[in-house]
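106 is the number that numbering that gives the first Met the number 0 gives to position 107 of the sequence shown; each next residue is one higher, with no gaps. Read through the structure below, which is laid out as structure tokens, and then see the notes.
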Amino acid sequence: MLRIANCSGFYGDRLSAAREMVEGGPIDVLTGDWLAELTMLILAGNRLRGRPGYAPTFLKQLEEVLGTCLERGIRIVSNAGGLDPAGCAGAVTELAARLGLPARVAHVTGDDLTGHDLGGAPNADTGEPLPAPALTANAYLGGRPIAAALSAGADVVVTGRVTDAALVTGPGIWRYGWGPGDLDALAGSVVAGHVIECGCQATGGNYAFFDEVPDLAHCGFPLVELEADGSSVVTKHPGTGGLVSVGTVTAQLLYEIASPRYLGPDVVARFDTIRLEQQGPDRVRVWGVRGEAPPSTLKVAVNYLAGYRNTMTLVLTGLDVEAKARLAQEAIWARVPRESFDEVHVELTPLAGTALLRVTVMDADRRRAGRAFSSAVVETGLASYPGFYGLTPPGDASPYGVYWPTLVPAKAVRARVWLDGHELPTAPDASGDGGRERSGQAPSPPVTRPGAPEEAAPGGPGGSWGADGDGGTVRAALGSIVGARSGDKGGNANLGVWVRTPEQFGWLEDHLTVERLAELLPCTAELNVERFELPNLLALNFVVHGLLGRGVAASPRLDAQAKALGEELRAVLTDIPRRLL
């Protein structure tokens, strides 16, 4: 068994988490994820200002635990290197020297493709060519370079852009010696990595049924006990707050995914084969995951500077909210013509007894999008709707970037591994080499639905939910029986929903179609929406293409990362069979 702990889910997570995981119980590897899609752009901005291109908070955490980790033989693996893994590794080496600790520090490079020929970098979602020079371009590497560094004796491994799951897959390869053909084991490690990559989201954080989670204010970070066959147990240290249940693990499995075929550089993990079992308090076994050979391409995260943006938010209170919103816009555009901007986004968000009107302008000209716009909004203050007031003072425009996913041939990317400043003589390619051509195992069998929800009770797909014999239906919030978690993937949003019983899933699968989703969430009605079924998790996953425009950094939505989309859906009323409530 290999015990792999997480101490960071994003750049800005709880600084004390590393110490809590090291001191809270036995672990073998301490990992941390710092690199959301937005983070690379943030680090690029820092670098332009002369600041480090890596996450300095990693060093603050490391200072508290490095000595203990070396003493106990705990390896440390982190992607905090961001845009400058060599610089981050150098800072770790300096830290160790200052503390008088004999740490061997490795770093992984090869992901940075900035300045390389990306063949026009067509957008992986839309096919459009890249419209501007790349500010950053980083390929998602896999776990084998991490494994190589650990095998060479590294105590600390710092990477740039790797897949989030690679932080678990790499140590798994190191400990168990998985080759490219060990697809099921690799797939299991990817699933384990996906579960713990976002820290406390696996232990009750941001959980739909949060009232079931004890002591969430002191939520413990997650760890996995990874076995040689790729199965694992998700748990947390004793005495910490939070909850590890089939529900909390299911929620995280549905976070920021698309198709059940979860593509990665080491393996394609079949999320429709995952099995979950509650083994005991705060222990969930994850097993049965099947893997397929990885694709011949690697995903590349490109960021480019797109222009400047400015947002003004007005509050609308009381009666006639929509009429007040129209009046406010007429007053604004009378002073600064709407058509003078490259892009304009207006969002009216109803709240209890009031509403927020957000007006965002985007333009290549900083002056046009700056105070010329925000001051014009303020000028309407005494000649607009009754009860006028705003939440934002007049201000200048700020630059914004666009996240642009593209693909490159995997063979065009070469990972390089450095230990104590010297490059290892041989390093694996970026993606595990021969797994694409030879799997070493039989292909994954067709997936069958477990439990046959449609047979568990009358009224499954094609049945008669709500018939008189079933007690009829009740108008209730969807969240009465449905959990949800949502998030961002570039310009798209994912919305995963799940229930607790096969009978409920039979109804959910029949009821929550793409067409019904458009009725319940009008913001999805004019967009391309895909639905994927995961009966093994009693879940559905929707991918809403284009909801976030050109990605989080450029999205003018109030909920720019679609974090609340699932809760919006759970609050909507629909007809639910009385027998399921």
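Cβ atoms here follow ideal geometry from the backbone N, Cα and C, with glycine treated the same way.
* How would you call S397, buried or exposed, if buried means at least 16 neighbouring beta carbons within 10 angstroms? -> The residue given as residue 397 occupies position 398 in the sequence shown. When all chains shown are included, S397 counts as exposed.
* Asked: Along the chain, which unbroken stretches of the alpha helix (DSSP H) at least 4 residues long are found entirely within the stretch 259-335?
  -> 320-334
* Among R334, F387 and E346, which has the Cα closest to the Cα of R367? -> Position 368 of the sequence shown, counted from the first residue, corresponds to residue 367. Ranking the options by Cα distance to R367, first place goes to R334.
* Asked: Pick from V358, G478 and L315: whose alpha carbon is nearest that of L350?
  -> Taking the first residue of the sequence shown as position 1, residue 350 is located at position 351. Out of V358, G478 and L315, L315 has the C-alpha closest to the C-alpha of L350.
* Asked: Out of A322, G126, L134 and T162, which has the shortest C-alpha to C-alpha gap to R143?
  -> For the purposes of this step, residue 143 is taken as residue 144 along the sequence shown, with counting starting at 1. Answer by Cα proximity: T162.
* To do: Check whether the Cβ atoms of G597 and F9 sit closer than 9 Å, and answer yes or no.
  => The structure shown does not extend to residue 597, since the chain is modelled only from 0 to 580, so the question has no answer here.
* **Reference P51; option with closest CA among L42, V107, L58 and F57** => By one-based count along the sequence shown, residue 51 stands at place 52. Nearest of L42, V107, L58 and F57 to P51, Cα basis: L42.
* **G434 versus D265 - alpha carbon distance** => On the sequence shown, residue 434 is found 435 positions in, with the first residue counted as 1. On the sequence shown, residue 265 is found 266 positions in, with the first residue counted as 1. Because G434 carries a pLDDT of 47, less than 50, the predicted location of this residue cannot be relied on, and the following value inherits that uncertainty. Roughly 8 Å separates the two Cα atoms.
* Below 8 Å, can you find three or more Cβ-Cβ pairs linking the stretch 406-426 to the stretch 96-105? -> yes
* **C-beta atoms of V473 and L519 nearer than 9 Å** => Counting from one through the sequence shown, the residue named residue 473 turns up at place 474. Counting from one through the sequence shown, the residue named residue 519 turns up at place 520. Cβ atoms of V473 and L519: not closer than 9 Å.
* To do: Following the continuous alpha helix (DSSP H) through I172, name the residue where it begins and the one where it ends.
  => The residue given as residue 172 occupies position 173 in the sequence shown. That run of the alpha helix (DSSP H) goes A165 to Y175.
* To do: Starting from Y206, follow its DSSP beta bridges and name the residues at the other end.
  => By 1-based counting over the sequence shown, the position of residue 206 is 207. BP columns for Y206 are empty, so no partner.
* **Given G471 as reference, the closest of D574, G109, G176 and L537 once Cα atoms are compared** => Locating residue 471 in the sequence shown gives position 472, where the first residue counts as 1. G471 has its Cα closest to that of D574, out of D574, G109, G176 and L537.
* **Outcome for P280 when other beta-carbon atoms lying within 10 angstroms are tallied against a minimum of 16** => Looking up residue 280 in the sequence shown gives position 281. Exposed: under 16 other Cβ atoms inside 10 Å.
* **chain D contact for V360 (CB, 9 Å cutoff)** => You won't find chain D in this structure, because it holds only one protein chain.
* Asked: Whose CA, out of G352, A120, V360 and L149, lies closest to the CA of L297?
  -> The residue given as residue 297 occupies position 298 in the sequence shown. The option with the nearest alpha carbon to L297 is A120.
* Residues of its chain near G109, where Cβ-Cβ distance is below 7 Å and the 5 sequence neighbours each way are ignored -> Taking the sequence shown and counting its residues from 1, one reaches residue 109 at position 110. Excluding residues within five positions, the ones whose Cβ falls inside 7 Å are L140, V412, R413, A414, R415 and A429.
* Comparing alpha-carbon positions, which option in L129, L134, E127 and V76 lies nearest G114? -> As a working note, residue 114 is residue 115 in the sequence shown. Answer by Cα proximity: L134.
* So, helix, strand or coil for D574, using DSSP? -> The residue given as residue 574 occupies position 575 in the sequence shown. Of the three classes helix, strand and coil, the one that applies to D574 here is strand, per DSSP.
* Asked: Which word fits Y388, buried or exposed, when buried means at least 16 other C-beta atoms lie within 10 angstroms of its C-beta?
  -> The residue labelled residue 388 in the question sits at position 389 within the sequence shown. Under this definition Y388 is an exposed residue.
* Asked: Quick one: what's got a C-beta closer than 7 Å to A324's C-beta in the same chain, skipping five residues either side?
  -> One-based indexing of the sequence shown puts residue 324 at position 325. L315, L347 and L356.
* Asked: Taking the alpha-carbon positions, what's the H217 to S485 distance?
  -> In the sequence shown, residue 217 corresponds to position 218, counting from 1. In the sequence shown, residue 485 corresponds to position 486, counting from 1. Distance between the alpha carbons of H217 and S485 is about 23 Å.
* To do: State yes or no: is the C-beta of V167 within less than 9 Å of the C-beta of I3?
  => Here residue 167 is taken as the residue at index 168 of the sequence shown, counted from 1. Here residue 3 is taken as the residue at index 4 of the sequence shown, counted from 1. Cβ atoms of V167 and I3: closer than 9 Å.
* Residue of S15, L568 and L37 minimising C-alpha distance to V301 -> Within the sequence shown, the letter at position 302 stands for residue 301. If we check each option's Cα against that of V301, L37 comes out closest.
* How should P424 be labelled, buried or exposed, when 16 other C-beta atoms within 10 angstroms of its C-beta is the threshold for buried? -> As a first step, residue 424 is located in the sequence shown; it is residue number 425 there, counting from the start. It is exposed - the Cβ of P424 has fewer than 16 other Cβ atoms within 10 Å.
* Under the three-state reduction of DSSP, which class applies to E338: helix, strand or coil? -> Here the question's residue 338 lines up with position 339 in the sequence shown. It is helical.
* To do: Could you say if the stretch 222-239 and the stretch 19-35 meet the contact criterion of at least three C-beta pairs nearer than 8 Å?
  => yes
* To do: Quickly, what does DSSP pair I3 with across the bridge? List them, please.
  => Taking the first residue of the sequence shown as position 1, residue 3 is located at position 4. Paired residue(s): V28 and V223.
* **Close-in-space but distant-in-sequence residues of the same chain around N137 (CB under 7 Å, 5 per side omitted)** => In the sequence shown, the residue the question calls residue 137 occupies position 138. M39, D110, D111, L112, G159, R160, V299 and A300.
* Asked: Is the CB-CB distance between G203 and G178 below 9 Å?
  -> Mapped onto the sequence shown, residue 203 falls at position 204. Mapped onto the sequence shown, residue 178 falls at position 179. In this structure, G178 does not lie closer than 9 Å to G203 by Cβ.
* To do: Give me the Cα-Cα distance between R549 and M0, rounded to the nearest whole angstrom.
  => For the purposes of this step, residue 549 is taken as the residue at position 550 of the sequence shown. For the purposes of this step, residue 0 is taken as the residue at position 1 of the sequence shown. Taking the straight line joining both Cα atoms gives about 42 Å.
* Asked: Quick one: Cα of M361 to Cα of H544, how far?
  -> As a first step, residue 361 is located in the sequence shown; it is residue number 362 there, counting from the start. As a first step, residue 544 is located in the sequence shown; it is residue number 545 there, counting from the start. If I take the Cα positions, the gap works out to 21 Å.
* Asked: In three-state DSSP terms, what is L535?
  -> Taking the first residue of the sequence shown as 1, we reach residue 535 at position 536. A small fix is needed here, since residue 535 is Asn in this sequence, not Leu. Here N535 sits in helix by DSSP.
* Please say whether E255 and R269 have beta carbons closer to each other than 9 Å? => Walking along the sequence shown from the start, residue 269 turns up at place 270. Walking along the sequence shown from the start, residue 255 turns up at place 256. Going by C-beta atoms, R269 is not nearer than 9 Å to E255.
* Could you say which of G66, P293 and P555 lies nearest to K410 if we only look at CA atoms? => Start at 1 with the first residue of the sequence shown, and residue 410 comes out as number 411. Checking every option, the nearest Cα to that of K410 belongs to P293.
* Residue range of the alpha helix (DSSP H) that K59 falls in? -> The residue you call residue 59 lines up with position 60 of the sequence shown. That run of the alpha helix (DSSP H) goes T56 to R71.
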